[in-house]
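Here the structure comes first, spelled out in structure tokens, and everything after it is commentary.
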Amino acid sequence: MIVVLLGAPGVGKGTQSENIAKKFSIVQISTGDILRNEVKTQTDLGEKAKKYMEKGELVPDELIIKMIENRISKTDCANGFLLDGFPRTIEQAKSFDKMIERKSLNLDRVIYIDVANDEIVERLTLRRVCPTCGAIYHLKNKPPRQDMICDICGSKLVQRSDDTKETVENRLKVFKEHTKPLIDYYEKQGKLSSISGLGNVDEVFTRISKILGDL
Ligand code: AP5
Ligand code: ZN
Numbered sequence: 001m002i003v004v005l006l007g008a009p010g011v012g013k014g015t016q017s018e019n020i021a022k023k024f025s026i027v028q029i030s031t032g033d034i035l036r037n038e039v040k041t042q043t044d045l046g047e048k049a050k051k052y053m054e055k056g057e058l059v060p061d062e063l064i065i066k067m068i069e070n071r072i073s074k075t076d077c078a079n080g081f082l083l084d085g086f087p088r089t090i091e092q093a094k095s096f097d098k099m100i101e102r103k104s105l106n107l108d109r110v111i112y113i114d115v116a117n118d119e120i121v122e123r124l125t126l127r128r129v130c131p132t133c134g135a136i137y138h139l140k141n142k143p144p145r146q147d148m149i150c151d152i153c154g155s156k157l158v159q160r161s162d163d164t165k166e167t168v169e170n171r172l173k174v175f176k177e178h179t180k181p182l183i184d185y186y187e188k189q190g191k192l193s194s195i196s197g198l199g200n201v202d203e204v205f206t207r208i209s210k211i212l213g214d215l
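Take the sequence shown: its letter number 168 is residue 168 in full-length UniProt numbering, and every next letter is one higher.
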């Protein structure tokens with residue numbers, strides 16, 4: 001099964017990806033997580049990507065496309081994978097179509113998660129993440145321990161540097177301009193399912209499970 005999770009920053013793609021990967025036994029590929037790891041380990045790609053990520057701009061298509069092509073060629077993707085944060089431009093979507101065609105694979109479904117911008121700003125500015133295991137928390141909706149320690153791996157939680165109000169607003173602008181056109185792109189391919197991302201995590205997951213369970 002090959003699935004794409006599409007949605008603005010903060011709609012819950014990372015949160016839901018974790019659940020989907022577990023339930024449907026597929027590999028979760030988050031371009032944001034891969035890039036943050038490249039930045040942390042100061043690779044060439046990380047050095048190039050950093051300045052875009054800090055401003056909430058998109059990392060150039062050619063870097064992302066190469067990164068995804070490498071990632072999906074690994075053996076753990078043989079049984080399918082779930083893409084969180086890719087594709088994000090029409091150029092990336094077209095390259096991905098060609099990539100999977102060359103591998104004789106098929107994109108099964110694109111799930112678009114929709115949440116209003118006010119709610120997104122609240123979700124992102126109150127998000128805290130674990131820099132070690134990637135666990136995602138929220139000061140109100142999924143509160144961490146009072147000492148701000150990850151209850152999975154014991155690391156100190158942090159706020160992502162792109163989760164300030166100003167950068168979130170820019171990320172939303174970038175989404176509207178570059179990524180929203182993908183809704184139409186996949187609608188035309190007959191691959192799109194749209195759901196509301198409102199309600200608690202379990203409620204949203206039930207909507208997603210229903211779509212994937214019917215495949
Ligand atoms: P990336 O890491 O992909 O960020 P994003 O798309 O902006 O998405 P987020 O991770 O911010 O949000 P999410 O939807 O995963 O929400 P989450 O589950 O955490 O990308 C970062 C940067 O990398 C980009 O800006 C760009 O520079 C670069 N990049 C990445 N991919 C790229 C690409 N393909 N091309 C070019 N550049 C690329 O949830 C958010 C919060 O809400 C959490 O606190 C969570 O606990 C809470 N929450 C989740 N669900 C619910 C719910 N149902 N109710 C209440 N609260 C909830
Ligand atoms: Zn952790």
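Ideal Cβ placement from N, Cα and C applies to all residues, glycine included.
Looking from the CA of F205, the closest CA among V4, K173, K191 and K13 belongs to K13.
In this chain, F24 is not harboured by any beta strand (DSSP E); it is covered by the alpha helix (DSSP H) spanning K13 to F24.
For I34, the enclosing alpha helix (DSSP H) begins and ends at T31 to K40. Ordered by chain, the residues meeting the criterion of a beta-carbon within less than 6 Å of a non-hydrogen atom of ligand 2 are C130, T132, C133, A135, C150, I152, C153 and S155. Between I2 and F86, the C-beta gap is not smaller than 8 Å, which leaves the two residues out of contact. Residue environment for A8: buried (at least 16 other C-beta atoms within 10 angstroms of its C-beta). V121 is positioned such that its CB atom lies closer than 8 Å to that of V168. CA-CA distance, L126 to S104, rounds to 42 Å. The beta carbons of T89 and T31 sit no closer together than 8 Å. Sixteen is the threshold: when 16 or more other Cβ atoms of the shown chains lie within 10 Å of the Cβ of D84, as they do, the residue is buried. Between ligand 1 and the CB of K142, the shortest heavy atom gap is smaller than 7 Å. Within a 10 Å sphere around the beta-carbon of I72 sit 16 or more other beta-carbons, which makes this residue buried. Under the 10 Å beta carbon count, I152 is surrounded by fewer than 16 other beta carbons and is classified as exposed. With a beta-carbon spacing of about 7 Å, L5 and I113 fall inside the 8 Å limit used to define contacts.
In this structure, DSSP gives R127 an extended state, which the three-state scheme calls strand. From the listed residues A116, F24 and N19, the smallest Cα separation to V11 is found for A116. When the five nearest sequence neighbours on each side are left out, no beta carbon in the same chain lies closer than 6 Å to the beta carbon of S209.
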